[in-house]
Amino acid sequence: MANLCTDAGHGGEDSGAVWAGTEEQLLNLQYVLALNTELKKRGHRVLTTRKGDNPVPSLQERCQLINAHHRNKAPEFDAIISLHCNVAAKRNPVSGVYETLESVRGFFAIYSAELSASRNLASAIAQKVNDQGIALHHNGLLSTVDLGRALAWIHRTLPTAVLLELGFMTNAQELQLLKEPAYRQKMVKAIADGIEVFLNQ
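Just so we're on the same page, the working numbering is the position in the sequence shown counted from 1, plus 958.
In structure tokens, the structure reads:
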């Protein structure tokens, strides 16, 4: 049995991305609740940062909560995973307007370039997602160095952490998939499989 923490990105007044009438934070929550069920079914202990939409702790509060649990071994987490959905847009240098890149799609995992355990967790999850036939964005992996910025979830928390981008809401086909229960279950099974590969390394 492993001690795990899951996080549904955004929440409350922070809807995250909104596209075609769909709020990212609601998709994130649906996936986290399904992932929690899958992980508990496999015998793991799971703490989650939010179970609903209101009220929700801020990102800083979530990081502080995780670190307090980890330091006090109540529990000490084997891994922490935050789930998000993405959008693809670029700013037109002439008009200043953001234009969507509707062809961009796929899952990817963001990890700390400084921590091999974070990369190992991200790699194991991306591989299992790919094994399920789910499209990857490039090779399914992105370090925070390549991203070009630090992420609080990864750099301000003590346990091994990854942030998963489940897909692109700006891709109409992928957004439709992300909303389908069968696709959600396939995704969370792959994520859980990847977590277990990491735990057994």
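Even glycine gets a Cβ: it sits at the ideal position worked out from N, Cα and C. This one's a predicted model, so the numbers in the text were calculated from it and none came from an experiment.
Item, Value
"Glutamine 983 versus glutamine 1159: straight-line alpha-carbon distance, rounded", "32 Å"
"CB contact flag (proline 1117, alanine 1032, <9 Å)", "no"
"Three-state secondary structure (DSSP) of aspartate 1011", "coil"
"DSSP state of serine 1121 mapped onto helix, strand, coil", "The sequence shown places leucine at residue 1121, not serine. Reduced to three states, the DSSP call for leucine 1121 is strand."
"For aspartate 972 and alanine 1108, the rounded distance between their alpha carbons", "20 Å"
"Ranges of the beta strand (DSSP E) found wholly within the region 1082-1111, counting only runs of at least 3", "1094-1101"
"Outcome for glycine 1125 when other beta-carbon atoms lying within 10 angstroms are tallied against a minimum of 16", "buried"
"Residue(s) in a DSSP beta bridge with aspartate 965", "Ser1040"
"Cβ-Cβ separation, methionine 1145 to isoleucine 1092 (assumed contact under 8 Å), whole Å", "6 Å"
"Glutamate 1034, buried or exposed, once every other Cβ within 10 Å from all chains shown has been counted against 16", "exposed"
"Alpha-carbon spacing of serine 1070 relative to lysine 999, whole angstroms", "29 Å"
"Start and end residues, alpha helix (DSSP H) containing leucine 1005", "First-last for leucine 1005: 1003-1006, but that is the beta strand (DSSP E), not the alpha helix (DSSP H)."
"Where threonine 1115 sits in the DSSP three-state scheme", "coil"
"Enclosing alpha helix (DSSP H) for phenylalanine 1156 [first to last residue]", "1139-1157"
"Residue closest to asparagine 1044, alpha-carbon to alpha-carbon, out of Gly970, Leu1136, Arg1003 and Leu1005", "Leu1136"
"Minimum Cβ-Cβ distance from leucine 1121 to chain B less than 9 Å", "Going by chain labels, chain B is absent from the structure shown, which holds only one protein chain."
"Glutamate 1072 versus serine 1101: straight-line alpha-carbon distance, rounded", "9 Å"
"Proximity winner among Leu1017, Arg1020, Leu1105 and Leu1122, relative to phenylalanine 1065 (alpha-carbon distances)", "Leu1122"
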